[in-house]
Amino acid sequence: MNDITITFPDKSTRSFPAGINSLQIAESIGPRLAEAAVAVKIDDRFTDLTVPIDHDAKVEIVTGDSKEGHDVLLHSTAHLMAQAVKSLFPDAKVTIGPAIENRFYYDFDIDSTFSDVDLGKIEAKMQALAKSDYSISRLELKRNEALKTFKEMGEEYKVEIIEAIDESETISVYRQDDFLDLCRGPHVPSTGKIKYFKLLGTSGAYWRGDENNTMLQRIYGTVFSSKKGLKEYLHNLEEAKKRDHRKLGKELNLFFFHQLSPASPFFTDWGTIVYNGLVDFIRELYQKYDYKEVISPQIFDMELWKQSGHYEMFIDNMFSMKMGEREFGLKPMNCPGHTLIYSHELHSYRDLPIRMADFGRLHRFEKAGVISGLTRVRSMSQDDAHIFCMPEQIGEEITILFEMIREVFKAFNFNEITVALSTKPEKALGDAKLWDLAESTLNELLEKSDFNFTIDEGEGAFYGPKIDFNVKDALKRDHQLATVQLDFVLPERFKLKYIAQDGSDKRPVMIHRAILGSLERFFGVYLEHCGGDFPLWLAPRQIAVLPVSDKVIDYASHVTDELSSSGFRVELDGKADKIGAKIRQAELSKINIMLIVGEKEAEAGTVSVRKRHQGDLGSIPLNDLIHSLQKEINKRSS
RNA sequence: GCCUACGUAGCUCAGUCGGUAGAGCACUUCCUUGGUAAGGAAGAGGCCACCGGUUCAAGUCCGGUCGUAGGCUCCA
2 MNDITITFPD
12 KSTRSFPAGI
22 NSLQIAESIG
32 PRLAEAAVAV
42 KIDDRFTDLT
52 VPIDHDAKVE
62 IVTGDSKEGH
72 DVLLHSTAHL
82 MAQAVKSLFP
92 DAKVTIGPAI
102 ENRFYYDFDI
112 DSTFSDVDLG
122 KIEAKMQALA
132 KSDYSISRLE
142 LKRNEALKTF
152 KEMGEEYKVE
162 IIEAIDESET
172 ISVYRQDDFL
182 DLCRGPHVPS
192 TGKIKYFKLL
202 GTSGAYWRGD
212 ENNTMLQRIY
222 GTVFSSKKGL
232 KEYLHNLEEA
242 KKRDHRKLGK
252 ELNLFFFHQL
262 SPASPFFTDW
272 GTIVYNGLVD
282 FIRELYQKYD
292 YKEVISPQIF
302 DMELWKQSGH
312 YEMFIDNMFS
322 MKMGEREFGL
332 KPMNCPGHTL
342 IYSHELHSYR
352 DLPIRMADFG
362 RLHRFEKAGV
372 ISGLTRVRSM
382 SQDDAHIFCM
392 PEQIGEEITI
402 LFEMIREVFK
412 AFNFNEITVA
422 LSTKPEKALG
432 DAKLWDLAES
442 TLNELLEKSD
452 FNFTIDEGEG
462 AFYGPKIDFN
472 VKDALKRDHQ
482 LATVQLDFVL
492 PERFKLKYIA
502 QDGSDKRPVM
512 IHRAILGSLE
522 RFFGVYLEHC
532 GGDFPLWLAP
542 RQIAVLPVSD
552 KVIDYASHVT
562 DELSSSGFRV
572 ELDGKADKIG
582 AKIRQAELSK
592 INIMLIVGEK
602 EAEAGTVSVR
612 KRHQGDLGSI
622 PLNDLIHSLQ
632 KEINKRSS
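Numbered by this note's numbering, the letters in the first sequence go through residues 2 to 639 in order.
Take a look at the structure:
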């Protein structure tokens, strides 16, 4: 047989006998590579390691630690799990089992449900199957063969999937031991490649995500190419649990929930300090960026929601009430109310843009199954604003918003921002020319900005394109916070107008925008981001004065009063505990500054400073401390 | 709304086979007066989410309701 020339990613070449497969090539390079290999790209075509190569080709071995390789591993592990489930629960019917971010799942149609005990059994079976190291082989079938095969197996969901596959496509199935699954691949060459995995949980899931379909049983799991990778992932899950804002909220006594007002947070006095701190911060920026804050009603006649179109779309998610003959709706958003404020006066083009801000409380009747902590609530407020402007002002307004958003995120130490531009959906209202203008303006501005952005084609709202801003938190999780949405429809529906230079009536554009988004949600996200360690300016408990003994209680009281009248949130720990216990208590409560005062300090008029997580910083005169802390607060340093 | 799990003191949790409710922390009082992450003792604290059923007897078993969690679906 002839030799073929293989070119590697580093441009080096080697010759091999024709018909060799990539796994063998990997072995010839080194046992480590062969061990790590999960799939291959032959001439940029992503495929199985076991595919024979019979011509000169570019070969890139894909290992389990790359993103693509990890996905292969995840996907193969999903198959392994399906194999285990089929052997333990022969009545279960397989459906689909894809890889998702760092995890995989597989949905089964089964009469019973999976318990934790079942999960353990399935995982043990997977271990055994992996240990047996069955080779995983790809077969290509004709459409009718594939249909016949899966029909005979009674796998009706697979039959349905095959029926949906385009006639022209080849249909591939993968076999490992006696388990056969419809799949595009690629897959690892044998089950022994799958080593470091764990099943994470179960849930219900609708077939094809449609709530009218059968409820399937889903099992989630994860796999990594190394033990370390798996350990790290599980560790991160633990970390995330420790930082969970619901847990921190309880521990630090910031907010709570009561079953008599589900999904509606109660902020304690401490939580309210943080909440108001967020609002105050944004308010200061409203001064700088020329916003006018308004207060608008909580309850409107349903007529308003009918006119705005929300009634039709979202009435199921609105709190409504009938008072006598009249039906009212509790506002789920501010914008229709703001159009009433806008229309209250006649506007000249000279007045525009009008930037109308509102921290009004909003109520949305979120479905019982979706509510969660502070992230999905029924009662909330937003750092909401609507900008009424001329179409030709859109660019300028967006530019200013970019700057403002950057400033806000920086203040909260969100340093990684990604942006998504969502464009015109199929069902859209509004002038096509306006859409074009807006989309090209937004695109151009994003090109010019240094934001990393992607375009979500057709994902815009029906009333206009939008830009969503995502931040990465301390645990590298993405959160969508700010949103900027152009609206061509609401001005139309409420017949908004301004008098143009030529004296004619013109229609303004509305820009809906929020930077923190829902304050409740932001509270939760930020609480997890900082792990409860609030910066001094935001901290509900800034300073604790800790007397060493009650001999110095008078001096401690004096220090506390001084700080309090200087505007600090300070508390005195006058309990009969030892200093160590007081410090421990203050550290656990995440109080920023601990001031230890004993006889030495009382004599010298100083305080001994200890900062959270930093330990003893030595003693300084009280006045010096006050000045440096005031500076820190004014800078809003994080 | 759907699937699954859970709901016991302010918090974290134990409670065996159905037989009058338990711990640690926090709280109150007392002793201790101390120097950078837990000094000691005592006390108080409970409609075991709620409603119904089975039973001589229910925190425990069964049904329902409410709430919470992880998902599914939804998200102006």
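All C-beta atoms in this analysis are idealised placements derived from N, C-alpha and C, irrespective of residue type, glycine included.
Give the secondary structure of Phe523 by DSSP, where H, G and I count as helix, E and B as strand, and everything else as coil. helix
Using only CA atoms, which one of Ile166, Lys194, Leu130 lies nearest to Asp179? Leu130
Between Ser262, Glu212, Val510, Phe198, which lies nearest to Leu235 when the distance is taken from Cα to Cα? Phe198
Check whether the Cβ atoms of Leu24 and Pro190 sit closer than 7 angstroms, and answer yes or no. yes
Rounded to whole angstroms, what is the Cα-Cα separation between Leu446 and Ala100? 35 angstroms
Are there 16 or more other CB atoms within 10 angstroms of the CB of Met216, so buried, or fewer, so exposed? exposed
Would you identify the three-state DSSP class for His364, choosing helix, strand or coil? strand
In chain order, which alpha helix (DSSP H) runs of at least 4 residues are fully inside the stretch 308–380? Within the stretch 308–380, the runs of alpha helix (DSSP H) that reach at least 4 residues and sit entirely inside it are, in chain order, 311–315, 336–345.
For Tyr350, which residues of its own chain have a beta-carbon under 8 angstroms away from its beta-carbon, when the five flanking residues on both sides are left out? Answer for Tyr350: Met391, Tyr499, Ile500, Ala501, Gln502, Lys507, listed in chain order.
Given that a residue counts as buried once 16 or more other Cβ atoms are within 10 Å of its Cβ, and exposed if not, what is His56? By the neighbour-count rule (16 or more Cβ atoms within 10 Å), His56 is not buried but exposed.
Which residues does DSSP list as the beta-bridge partners of Met216? Tyr207
Phe452 vs Val409 beta-carbon contact at 7 angstroms: no
Where does Phe9 fall in DSSP's three states? The three-state secondary structure of Phe9, taken from DSSP, is coil.
Once DSSP output is grouped into helix, strand and coil, what is the label at Ser558? helix
What's the C-alpha gap between Phe454 and Asn416? 15 angstroms
Could you give the residue range of the alpha helix (DSSP H) that holds Thr78? Looking at the DSSP string, the run of the alpha helix (DSSP H) that includes Thr78 is 68–89.
Per-residue burial, Leu341 [other beta carbons within 10 Å of its own, 16 or more giving buried]: That one is exposed.
Helix, strand or coil: how does DSSP classify Ala40 here? DSSP, read as helix, strand or coil, puts Ala40 in strand.
Are three or more beta carbon pairs between the stretch 544–560 and the stretch 593–600 nearer than 8 angstroms? yes
Please report the straight-line C-alpha distance between Gly20 and Val41, rounded to a whole angstrom. Their backbone Cα atoms lie some 15 angstroms apart in a straight line.
Helix, strand or coil for Tyr290 per DSSP? coil
Kindly identify the DSSP beta-bridge partner or partners of Thr419. Asn453, Asn471
My guess is that Lys94 and Tyr158 are in contact by the Cβ rule of under 8 angstroms, so how many angstroms apart are they, rounded? 6 angstroms
Take Asp72 and list the residues in its own chain whose beta-carbon comes closer than 6 angstroms to its own, dropping the five residues that flank it on each side. Ala100
Quick one: using the 10 Å Cβ neighbour count with 16 as the cut-off for buried, is Asp398 buried or exposed? Here residue 398 is Glu; the residue named in the question, Asp, does not match the sequence. When all chains shown are included, Glu398 counts as buried.
DSSP state of Met391, grouped into three classes? coil
Report the CB separation of Ile163 from Arg176 in whole angstroms; it is logged as a contact under 8 angstroms. Ile163 to Arg176, Cβ: 16 angstroms. No contact.
Specify the secondary structure class of Arg247 as computed by DSSP and reduced to three states. If DSSP states are grouped into helix, strand and coil, Arg247 belongs with the helices.
Between the C-alpha atoms of Phe329 and Gly98, what's the straight-line distance to the nearest angstrom? Spanning the two alpha carbons is a distance of roughly 46 angstroms.
Alpha helix (DSSP H) segments (min. 4 residues) lying fully within the stretch 580–607: 580–589, 600–605
Rounded straight-line distance, which links the Cα of Pro53 to that of His530: 49 angstroms
Is it true that the CB of Asp245 sits closer than 7 angstroms to the CB of Arg139? no
Smallest Cα separation from Gly575: which of Ala475, Ser567, His559, Leu589? His559
Find the nearest neighbour of Lys636 within the set Leu537, Thr171, Leu430, Phe360, judged by alpha-carbon distance. Ranking the options by Cα distance to Lys636, first place goes to Leu537.
For Arg176: DSSP bridge partner residues: Ser138, Leu181
Rounded C-alpha distance that separates Gly278 from Leu539: 6 angstroms
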